[in-house]
Every structure is written in structure tokens, then in C-alpha cells.
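Report on one structure; see the data block that follows.
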Amino acid sequence: MKKTAFVFLGAVMVSAAVGGLAGWSINKFSASTSPVSAYFPSEKSGVAVSDTMPKAGNHFAAYQADQYPDLTYAAENAVKAVVNIESIREVQYGGGRSYDPFFDFFGIPYGYGGGEPQTREQRAGGSGVIISTDGYIVTNNHVIEESTKLKVKLNDGRLFDAKLVGTDPTTDIALIKIEGEDLPTLPFGNSDDLRLGEWVLAIGSPFDLQSTITAGIVSAKARDLGVIPNEARIESFIQTDAAVNPGNSGGALVNTRGELVGINTVIKSSTGSYVGYSFAVPETIVRKVVVDLKEYGVVQRAILGVSYRAIDQTFIEQMGEKTGIKTPGGLYVASVVDGSAASEAGIRKGDIIVAIDGVKTDDASTMMEKMAQHRPNDKVKITIMRDGDKKEVEAVLKNKVGKNEMMTREMVDVAAELGGKFADAGKKICDKLEIRGGVQVVGIKRGGLLERARVREGFIITHINNRQITSLSDMEQMTEPIESIDGIYPDGRAASYMIVQ
Numbered sequence: 001m002k003k004t005a006f007v008f009l010g011a012v013m014v015s016a017a018v019g020g021l022a023g024w025s026i027n028k029f030s031a032s033t034s035p036v037s038a039y040f041p042s043e044k045s046g047v048a049v050s051d052t053m054p055k056a057g058n059h060f061a062a063y064q065a066d067q068y069p070d071l072t073y074a075a076e077n078a079v080k081a082v083v084n085i086e087s088i089r090e091v092q093y094g095g096g097r098s099y100d101p102f103f104d105f106f107g108i109p110y111g112y113g114g115g116e117p118q119t120r121e122q123r124a125g126g127s128g129v130i131i132s133t134d135g136y137i138v139t140n141n142h143v144i145e146e147s148t149k150l151k152v153k154l155n156d157g158r159l160f161d162a163k164l165v166g167t168d169p170t171t172d173i174a175l176i177k178i179e180g181e182d183l184p185t186l187p188f189g190n191s192d193d194l195r196l197g198e199w200v201l202a203i204g205s206p207f208d209l210q211s212t213i214t215a216g217i218v219s220a221k222a223r224d225l226g227v228i229p230n231e232a233r234i235e236s237f238i239q240t241d242a243a244v245n246p247g248n249s250g251g252a253l254v255n256t257r258g259e260l261v262g263i264n265t266v267i268k269s270s271t272g273s274y275v276g277y278s279f280a281v282p283e284t285i286v287r288k289v290v291v292d293l294k295e296y297g298v299v300q301r302a303i304l305g306v307s308y309r310a311i312d313q314t315f316i317e318q319m320g321e322k323t324g325i326k327t328p329g330g331l332y333v334a335s336v337v338d339g340s341a342a343s344e345a346g347i348r349k350g351d352i353i354v355a356i357d358g359v360k361t362d363d364a365s366t367m368m369e370k371m372a373q374h375r376p377n378d379k380v381k382i383t384i385m386r387d388g389d390k391k392e393v394e395a396v397l398k399n400k401v402g403k404n405e406m407m408t409r410e411m412v413d414v415a416a417e418l419g420g421k422f423a424d425a426g427k428k429i430c431d432k433l434e435i436r437g438g439v440q441v442v443g444i445k446r447g448g449l450l451e452r453a454r455v456r457e458g459f460i461i462t463h464i465n466n467r468q469i470t471s472l473s474d475m476e477q478m479t480e481p482i483e484s485i486d487g488i489y490p491d492g493r494a495a496s497y498m499i500v501q
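So for the sequence shown, the working numbering puts the first residue at 1; every next one is plus one.
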């Protein structure tokens, strides 16, 4: 039987009507558990026991306690700073009607004629880590996304209401705050120093079992799975074999010194529960995101301004003859944006980026992680290969609109504000509709401007705030609040939407 692998963002989800009971559903697995015993010769076995026979273990190296990790120190200290998070979201159901263009044409609202909508609470369970004595807590964005109320339960049983400070969907990290004093905290370690095979602990609340600790080793670093549901996602996961299950999301990955080295985020298994590997956002990304959210209210994203492709065996087979590249390693620069940091640093199409600040860049995830650690106006040293010669250049990074200054809270991330998934409108549909270009809505997220304005999938955005939008790049460079959206549906019907905040 063919098995399908699931990648699972592990928040435990449960719904209950208001005033009703919350029912938690856990998949149960049964397995044969016949014990295995070591065989020792005895008189009953017919084998004589002699003092001259080798003693068990005398052919092994001597055990030296100080040479092996003791996980109790890390576990007993780190667990105090890991919390359980209950995310509560009020949702409406019933009382509405499905979309009908007849009603839409005459401006009749969706709920007309369908009775009063009902409200219920939807609850999700996850984990978080206290990082300051005054109550800042880091967790996953998908744990708290779309919540109307947040409740935090500490390891000692105390219960707090929490408020959202900020989120970063591109890394799946969020920062929340409770009001408290002298709270237990978990210090940041350094995920760059992690070594393959190093022991780590995963701490969280799987299946609502608070303060659960599991152990494993670092199985790999800089994994890019393509699972964060954001077009601008940044993935460079730490892979471990520590058992992580639904509800562990947002919990701590700690080293043997009890330091935070990652935030547990993803499970990869054939069932949706742990039977394989788990993945954590590395501390280097988490720390930078948290500092940005606290200081600026938004995450400062640094842009180099190149498109690239990892030079692996597939690249060599497909592009080796054309590019003259015969050995794997590094990132092939496919294009350079005019006026970008890369362009001003002298990087050209066809160059091979082999290192950033001395760190080898043999895959896209390493590149993403290094860039995610920087802010606009930071200087980075980039080592490139050009025509067989190694060269080092310095680039001054820019923000998404091509400037060196920091972004402010007032500057809008248009794609996030709209609440949808987008793609460049293809030439075929643009020619058919006789438009120069546009951005097509290929998905609509709950709670965003598109949903509130009743925009439907397929709509092609041609103007925002009367500014022409011909591509995703045009949209990404906008930072002002959205007041109006103009465009056209694939059937040729033009539409304009005014946004009332």
C-alpha cells in the first residue's frame, strides 16, 4: 500500500459551541509490545557458568561520567519557562447564503434571508517560551493566527491572558505578552554552533500534555521543506529526531546547557503524528525576529536583489553545458535587480555565490538563513566565483522598496494586508483582457481585506490606490495603507473596491 508523507504544522485544534464542552480527539495506535530480554547462560539452559567466562561489558570502553551529556540539568531548568498557549477564535456559521451573482449585482448582502448567524468558539492548543522576566513569549504564528483571545498557562499552573505584540508569517514566528514579574526565562543559545549528532531536548504541550520533555539529536541543519504558507517564506529548519507532536508547536528546542536553540514548528511523518523527524526554526532567525517586533513593530527584511539556483547535480545536468559549470557547490546567480544591493556591489548574472560573511552557501536555505539575520543598511561580505577566479565584494543591503532605511509600523505589507495568495497574471490572460499586466488573486485568507471586500478568487488587480500594478514586484514595493483596489475578472467584468477601515 502506498504511504503518503504529511508535513504537519502541529497545533492541536478543537472546536466547541459556546457554553458547550471541548472534545479532544487523539488518534490511538496499537502495537505488539513483546518484551525482549537479554540471554544469560544458566544451569537450566544446559550451559555451564564459569568464573572464567567474560563478564558483560568488559570489552567496552570505560564509562566516564563527565564525558557524556546529563540532560537533567537542561530539562529541569528549561521546562519552567515553557508555557501552554490556548488560542481562542470566535467563528460564525449558518445564517448566510452561498454566492449568487444575481444578489451581488443588486448589492444584497450574503447574510440576507438566511436567518441569524450563530457563533461558536474554536480553540487551538500550542506552546510558547518565556524570553523575558516581564512576560514576552515567543511562539509560532500558526499557533495564534486569527485568534480573538489568548490564554497562557505557566509550568507552575498560573493562568494569564495574553496580547499579541507582532507576527512574522514568513518565518512562522510570533511574539505575545503577558503581564507578570520575575517570570522564569529561557536564555538564547547559538544555533549556528549546533553540531550534527548533538543532543537536544524538545519541550512543549503535545496533545495538551503540558511540560512534556523528549530528547533526540540534531539530525540535519538548514532544511528547506517549502511548508510555511507564505510566498516570501524563509526556511532553514533544524531537523531532529526528538519526538514532537500536535501541540508542541511554539515550544522550545534546547541544548544540554538549557539554552534555547530553536522553536519547534513542523512534524514530518506518514500519519501527522510523530513517527519520523521534527523541525525547528533556528535561534538565529527567532532572536532577530523577536528583537525587530519589539523595537520596530515589524520585521526588518534585508534584500540582496538576486535570483539564484543551487548548483547541484541536477543543475549540472540541465545547465552545465550552457554555463560551463562542471562541479557542484555554490549558488548560480540567474538575475540581478537593477539598483539593488547586489547590483551596486558589482555582482553580475552568471556569478557563483560561494559564501556570505565566510559561511559557505551551497543551498538556498543557508542563503535564506543568513539574509534573515540582517537588516536594511547592514554590510555583508559576499564571496563569488567569476570565470574561475574568487572575488570578495561588500554589499549594503536594502529594504523591500529598494532603500537603506528601516521599515516602520506605518509602512504596510500590501500582500499581508490584503490577505491572500497572488501570482503574476500570465501573458495569455492579459492579452485576452487587453491589459498591460496585473496580479491575480489565487487564494483568499480569512479576515483579510479581500474577504471583507468580497473579492473572489481569479480577480486580477491592476491598480491599488490608483497606482498601476503590472506585477508582484510592483505590489511588493508599495508601503502605503490600502484605500482602493481596481481590476478585472477573467470573464471581462471590471470591478472597483473601496476599503473602509
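Beta carbons: idealized from backbone N, C-alpha and C, even for Gly.
Quick check: residue i and residue j, are their CB atoms within less than 7 Å of each other?
i, j, result
"V290", "L201", "no"
"T139", "G125", "no"
"N230", "P328", "no"
"G247", "F207", "yes"
"M371", "A423", "no"
"G258", "N77", "yes"
"T366", "I353", "no"
"G420", "G443", "yes"
"A342", "V298", "no"
"K151", "E198", "no"
"D182", "I228", "no"
"L293", "V380", "no"
Between which two residues does the alpha helix (DSSP H) holding residue i run?
i, result
"D474", "L472 to E476"
"Q313", "Q313 to T323"
"H142", "N141 to I144"
"N77", "T72 to A78"
"L194", "Note, L194: premise wrong, no alpha helix (DSSP H); not H, not E."
"E451", "L449 to R452"
"D156", "D156 -> no alpha helix (DSSP H), and no H or E assigned at all."
"K421", "Unbroken run through K421 is the beta strand (DSSP E), G420 to D424; no alpha helix (DSSP H)."
"A310", "Here A310 belongs to no alpha helix (DSSP H); instead the beta strand (DSSP E) covers V306 to A310."
"D292", "E283 to E295"
Might you give, ordered along the chain, the residues of its own chain that have their beta carbon closer than 6 Å to the beta carbon of residue i, omitting 5 neighbours on each side?
i, result
"R195", "none"
"F459", "V441, G487 and Y489"
"Q210", "N84"
"K3", "The predicted model places K3 with a pLDDT of 41, which falls under 50 and marks its position as unreliable, so this point remains unresolved."
"S496", "D486"
"M368", "I234 and S236"
"G251", "V82, S127, I203, G204 and N264"
"N399", "P376 and M407"
"Y136", "K177"
"I316", "none"
Could you give the first and the last residue of the continuous beta strand (DSSP E) run that contains residue i?
i, result
"Y489", "Careful: Y489 lies outside any beta strand (DSSP E) and carries neither H nor E."
"T366", "Per DSSP, T366 belongs to no beta strand (DSSP E); it is in the alpha helix (DSSP H), A364 to A372."
"D161", "L159 to D168"
"L175", "I173 to I178"
"S219", "T212 to R223"
"S269", "L260 to S269"
"D389", "D389 to V396"
"S335", "L331 to V336"
Excluding the five sequence neighbours on either side, which residues of its own chain have a C-beta within less than 7 Å of the C-beta of residue i, listed in chain order?
i, result
"P184", "K80, A81 and I130"
"P35", "Confidence at P35 is low in this model, with a pLDDT of 34, below 50, so the placement of that residue should be treated as unreliable; the coordinate-derived value is given next. Taken in chain order, the list of residues that qualify is empty."
"K44", "No answer about K44 holds up, because its pLDDT of 39 lies below 50 and its placement is not dependable."
"I469", "G438, V439, I461, T462, H463 and M475"
"A75", "L201 and I213"
"R386", "D351"
"N404", "P376, N377, V396 and K398"
Output needed for residue i: all residues of its chain with C-beta closer than 8 Å, excluding positions within five of it in sequence on either side, in chain order.
i, result
"I482", "V412, V414, E417, L418, L449, I464, N465 and I499"
"D491", "none"
"R155", "A small correction: the amino acid at residue 155 is Asn; Arg does not occupy that position in the sequence shown. These residues qualify, in order along the chain: V79, K80, A81, V82, V83, P184, Q210 and S211."
"Q313", "P328"
"V359", "T366 and K370"
"D51", "At D51, the pLDDT of 44 sits below 50, so the modelled position is not reliable; the number obtained from the coordinates is stated separately. Once the five neighbours on either side are set aside, D51 has no close Cβ partner at all."
"G226", "R233 and E235"
Since I believe residue j is in contact with residue i (beta carbons under 8 Å), could you give me their beta-carbon distance rounded to a whole number of angstroms?
i, j, result
"S191", "P282", "4 Å"
"I311", "Y332", "5 Å"
"I88", "K177", "So it is not a contact: roughly 17 Å between Cβ atoms."
"V393", "A345", "5 Å"
"R446", "E146", "6 Å"
"A222", "D357", "Not a contact, Cβ separation roughly 15 Å."
"T256", "L397", "No, T256 and L397 are not in contact; Cβ-Cβ is about 35 Å, not under 8 Å."
"A334", "Y308", "6 Å"
Does any CB atom of chain D fall closer than 7 Å to the CB of residue i?
i, result
"D224", "Looking for chain D here will not work: only one protein chain is present."
Three CB pairs or more closer than 8 Å across the segment 198–214 and the segment 238–245: A contact exists between the segment 198–214 and the segment 238–245.
Cβ pair count under 8 Å reaching 3, the segment 255–262 against the segment 308–328: Segments in contact, no.
Segment contact, 8 Å Cβ cut-off, at least three pairs: the segment 217–229 with the segment 157–168: They do not touch, by the three-pair rule.
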